[in-house]
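Residue numbers (the numbering used here): 765 to 851. For every residue, glycine included, the Cβ atom is placed at its ideal position computed from N, Cα and C. All values reported here derive from a predicted model rather than from experimental measurement. Written below as structure tokens is the structure these notes are about.
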């Protein structure tokens, strides 16, 4: 799967989505070395953003108002971004 031996494996979008929900079989989630492990957090970010947008769209269609409060959303996104900075 990976281009070089010992390097991170390439993951397909379907595999990335299953990893987001912890639905990978052992053969796809076991690795010989730490270097082979893909960065699942980085690969799941587009799915999180898509689901957040979907939640807002569905809520807007059903209730004609946005879910939650804007300040809660901003603080959650800010903390998520802040948690990625040390790397």
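Presumed contact (8 Å Cβ cut-off) between residue 783 and residue 804, rounded CB distance: 5 Å
Given this structure, state the Cα-to-Cα distance separating residue 779 from residue 835, to the nearest angstrom. 33 Å
Mapping the DSSP letters down to three states, classify residue 803 as helix, strand or coil. coil
Have a look at residue 798 and residue 811 and give me their C-alpha separation to the nearest angstrom. Distance between the alpha carbons of residue 798 and residue 811 is about 24 Å.
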